[in-house]
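This report concerns only the one structure given below.
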Amino acid sequence: MSDTLVDYDEVLTRYEPVIGLETHVELGTESKMFCGCSTTFGAEPNTQTCPVCLGLPGSLPAANAVAIESTIRIGLALGCRIASWSRFARKNYFYPDIPKGFQTSQYDEPLCTAGHLDVEVDGETYRVEIERVHLEEDTGKNLHVGGSTGRIHGADHSLVDYNRAGIPLVEIVTRPIPGAGAKAPEVARAYVTELREILLALGVSEVRMEQGNLRCDVNTSLAPIGSLEWGTRTETKNVNSLRSVERSVRFEMRRQAAVLDAGGRVVQETRHFHEDSGSTSTGRSKEEATDYRYFPEPDLVPIAPDEEWVEKLRAALPELPAARRARLRDEWGISPTEMAWLVNAGAVELVSDTVAAGADPADARKWWLGELARRANDAGTDLGDLAVTPAQVAELIGLVSAGTINDQLARQALDGVLAGEGGPAQVVESRGLAVMGESDELVAAVEAAIEGNPDVADKVRGGKVQAIGALVGAVMKTTRGKADAATVKRMLEERLISS
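Right, dumping it as structure tokens:
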């Protein structure tokens with residue numbers, strides 16, 4: 001049964017949204033959080049386990065120092081306070097993907113608290129307050145077999161892979177974000193996008209959402225405009241793409257508005273997001289902290305980060321994305337709006353790497369936001385997933401600048417690069433795409449264009465110089481775009497105007 005939905009613009013006339021995000025980040029450590037098992041993605045099921053991560057009797061955990069350092073670095077990058085004393089806690093619940101019967105997490109003494117992240121949407125800056133950044137272990141992975149949706153409902157049986165159980169997992173929890181209004185879905189997406197860029201800059205995770213390295217629980221609530229109390233929230237679990245973060249907020253706003261308009265009550269629950277329809281469906285009632293019966297982990301000593309060590313980590317932080325964008329904007333001489341276009345297209349790093357490979361910034365932007373963006377859109381993929389590297393784009397731009405090929409031929413060369421035929425220079429040579437010089441063949445094409453279009457030629461001779469464009473086009477068609485348009489125009493002028 002499909003949900004009743006209210007038109008999005010109509011929702012905003014009566015309700016004010018409040019959003020919040022809980023982002024889970026798998027750290028890129030070589031071993032798990034509390035044991036030495038490998039964290040390699042894609043291994044055969046249940047081949048990366050041991051008595052510790054399976055919670056077998058008599059096994060004892062030991063905390064991963066690299067994971068602790070990475071968590072502190074994340075907190076520092078988000079402007080958090082770093083705790084001088086922190087400890088792990090057992091979060092007790094019984095799911096098949098929790099082999100120990102509890103998850104080792106942090107409760108009332110997290111490593112990092114009270115940070116923030118500023119994001120920009122349509123030229124307006126929104127400050128997202130960070131409540132906490134804490135360290136825990138990931139769960140295993142359930143595989144439901146036989147159903148049509150991949151969920152347990154309708155499945156014939158279920159399998160569990162514990163390879164992921166115990167991988168270091170950082171949870172970044174925001175405070176509620178009011179005041180975004182109509183931009184709430186975009187603010188949610190912008191926050192996760194910027195957070196992902198920070199994590200990449202820190203080098204703490206691959207943050208590949210399709211592999212589950214970065215997963216989002218998206219909280220959404222509505223309250224009547226002017227109300228002093230926020231509405232009841234729902235939590236859409238494990239949203240695994242930037243686009244879906246935005247879509248889940250938008251759908252929940254429309255769905256909750258319909259419930260409230262009908263005099264109903266929004267249920268506090270978890271919900272599943274469906275990529276195909278952009279909708280959510282009910283999951284389970286939302287637990288409170290008391291349901292998990294947290295208590296301090298007796299097998300792990302507390303963490304007491306040395307202040308001097310924390311300051312060394314702070315001093316060693318890399319240039320963060322916002323500062324880097326500001327620097328690149330100045331270096332490239334572009335406006336904030338133009339930089340926003342690059343950010344929205346996911347092209348900042350691609351353009352930067354292309355410039356680093358020798359291309360002019362303006363040319364690099366033109367190619368990534370133009371031809372390459374069009375091809376990515378046609379293929380339904382991200383720019384960074386196209387089968388062409390920034391170095392190859394720089395090489396292509398260099399061939400155009402040198403006059404070896406023109407823009408039209410460059411697009412043909414790009415076809416070959418994307419098809420795996422080699423680099424741009426190699427494709428130009430193998431396909432014979434080089435611009436035609438002032439050869440006998442080009443002279444013949446120019447003269448044929450004049451003879452084949454006598455009326456146009458007479459107009460040019462009579463002073464209507466702009467008509468020469470039709471003759472240039474005829475030559476380019478004859479040469480299949482291999483002629484240089486400027487050279488063709490000069491040759492035509494020599495024959496029609498200078499004579």
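Take the sequence shown: its position 155, counting from 1, is numbered 155 in UniProt numbering, and each next residue is one higher. Where is the CB? At the ideal position from N, CA and C, for every residue including glycine.
Top-ranked residue by Cα proximity to residue i, from the options
{"i": "Gly463", "options": "Ser105, Leu317, Glu338, Glu493", "result": "Glu493"}
{"i": "Glu137", "options": "Arg480, Leu54, Asp360, Ala43", "result": "Leu54"}
{"i": "Ala444", "options": "Gln426, Gly422, Thr479, Val465", "result": "Thr479"}
{"i": "Ala71", "options": "Leu372, Trp367, Arg314, Arg325", "result": "According to the sequence displayed, residue 71 carries Thr and not Ala. Checked all of Leu372, Trp367, Arg314, Arg325; the closest Cα to Thr71 is Arg314."}
{"i": "Cys50", "options": "Pro318, Ala326, Phe34", "result": "Phe34"}
{"i": "Leu117", "options": "Leu320, Leu328, Ile468", "result": "Leu320"}
{"i": "Asn213", "options": "Gly226, Asp7, Leu222, Arg196", "result": "Arg196"}
{"i": "Val267", "options": "Gly231, Leu200, His24, Glu124", "result": "Gly231"}
{"i": "Ala304", "options": "Pro61, Val66, Ile82", "result": "Ile82"}
{"i": "Leu383", "options": "Pro361, Asp299, Ser241, Val351", "result": "Val351"}
{"i": "Gln211", "options": "Glu451, Val239, Ser227, Lys91", "result": "Val239"}
{"i": "Pro318", "options": "Ala359, Glu269, Arg73", "result": "Arg73"}
{"i": "Gly42", "options": "Asp9, Thr174, Lys141, Tyr8", "result": "Lys141"}
{"i": "Ala62", "options": "Gly226, Val348, Pro298", "result": "Pro298"}
{"i": "Ser227", "options": "Val460, Lys477, Leu328, Glu16", "result": "Glu16"}
{"i": "Glu275", "options": "Gly380, Arg243, Ala257, Ala262", "result": "Arg243"}
{"i": "Pro361", "options": "Asp330, Asp415, Gly469", "result": "Asp330"}
{"i": "Val388", "options": "Phe94, Pro336, Ala402, Trp367", "result": "Trp367"}
{"i": "Glu252", "options": "Glu371, Ser221, Gly264", "result": "Ser221"}
Other residues of its chain near residue i: CB distance less than 6 Å, five sequence neighbours each side excluded
{"i": "residue 500", "result": "Residue 500 is absent from the model: the chain starts at 1 and stops at 499."}
{"i": "Tyr107", "result": "Ala89, Tyr294"}
{"i": "Lys100", "result": "Gly55"}
{"i": "Ala65", "result": "none"}
{"i": "Ser241", "result": "Met209"}
{"i": "Ile225", "result": "Glu16"}
Close beta carbons around residue i, own chain, < 7 Å, minus the five adjacent residues each side
{"i": "Val400", "result": "Asn406, Asp407, Ala410"}
{"i": "Pro45", "result": "Asp161, Asn163"}
{"i": "Val121", "result": "Lys183, Glu186, Val187, Ala190"}
{"i": "Pro302", "result": "Trp85, Ser86, Arg87"}
{"i": "Val204", "result": "Leu27, Gly28, Ser70, Arg73, Ile74"}
{"i": "Thr282", "result": "Glu269, Arg271"}
Residue i and residue j closer than 7 Å at C-beta
{"i": "Val133", "j": "Ile98", "result": "no"}
{"i": "Leu21", "j": "Ala182", "result": "no"}
{"i": "Cys80", "j": "Thr29", "result": "no"}
{"i": "Asp353", "j": "Pro390", "result": "yes"}
{"i": "Ala413", "j": "Pro424", "result": "yes"}
{"i": "Ala77", "j": "Ile198", "result": "yes"}
{"i": "Val245", "j": "Val192", "result": "yes"}
{"i": "Val128", "j": "Ile177", "result": "yes"}
{"i": "Ala474", "j": "Ala449", "result": "yes"}
{"i": "Glu421", "j": "Val428", "result": "no"}
{"i": "Arg255", "j": "Asp3", "result": "yes"}
{"i": "Val472", "j": "Leu496", "result": "no"}
{"i": "Gln392", "j": "Val355", "result": "no"}
{"i": "Ala470", "j": "Val488", "result": "no"}
First and last residue of the uninterrupted alpha helix (DSSP H) at residue i
{"i": "Gly416", "result": "407 to 418"}
{"i": "Thr49", "result": "It is not in any alpha helix (DSSP H) - Thr49 carries neither H nor E in the DSSP assignment."}
{"i": "Ile430", "result": "The residue you asked about is not Ile; residue 430 is Ser in the sequence shown. Element bounds for Ser430: 424 to 431."}
{"i": "Tyr191", "result": "184 to 202"}
{"i": "Gln392", "result": "390 to 401"}
{"i": "Asp363", "result": "361 to 369"}
{"i": "Ala326", "result": "321 to 332"}
{"i": "residue 555", "result": "Lying before the first or after the last residue shown, residue 555 is absent from the chain, which here runs from 1 to 499."}
{"i": "Arg293", "result": "Arg293 -> no alpha helix (DSSP H), and no H or E assigned at all."}
Boundaries of the beta strand (DSSP E) in which residue i is found, first to last residue
{"i": "Ala223", "result": "214 to 224"}
{"i": "Gln103", "result": "102 to 105"}
{"i": "Asp455", "result": "Unbroken run through Asp455 is the alpha helix (DSSP H), 454 to 461; no beta strand (DSSP E)."}
{"i": "Asp118", "result": "112 to 121"}
{"i": "Asn238", "result": "234 to 239"}
{"i": "residue 512", "result": "In the structure displayed, the chain extends from 1 to 499; residue 512 sits before or after that span and is not available."}
Backbone CA spacing between residue i and residue j [nearest angstrom]
{"i": "Thr40", "j": "Glu26", "result": "12 Å"}
{"i": "Val18", "j": "Asp484", "result": "57 Å"}
{"i": "Arg14", "j": "Val259", "result": "13 Å"}
{"i": "Val343", "j": "Glu395", "result": "23 Å"}
{"i": "Thr47", "j": "Thr104", "result": "21 Å"}
{"i": "Arg87", "j": "Leu169", "result": "15 Å"}
{"i": "Ile334", "j": "Gly432", "result": "36 Å"}
{"i": "Gly123", "j": "Ala323", "result": "17 Å"}
{"i": "Arg284", "j": "Glu269", "result": "6 Å"}
{"i": "Ser31", "j": "Leu135", "result": "15 Å"}
{"i": "Gly147", "j": "Ala347", "result": "39 Å"}
{"i": "Thr174", "j": "Val119", "result": "13 Å"}
{"i": "Arg223", "j": "Leu5", "result": "First, the amino acid is wrong: residue 223 is Ala here, not Arg. In a straight line, the C-alpha of Ala223 is about 16 Å away from that of Leu5."}
{"i": "Ala257", "j": "Cys216", "result": "23 Å"}
{"i": "Gly36", "j": "Ser59", "result": "13 Å"}
Spatial neighbours of residue i in its chain, beta-carbon cut-off 8 Å, leaving aside the 5 residues before and after
{"i": "Val207", "result": "Val25, Arg196, Leu199, Leu200, Asn213, Leu214"}
{"i": "Arg325", "result": "Met339, Val343, Val348"}
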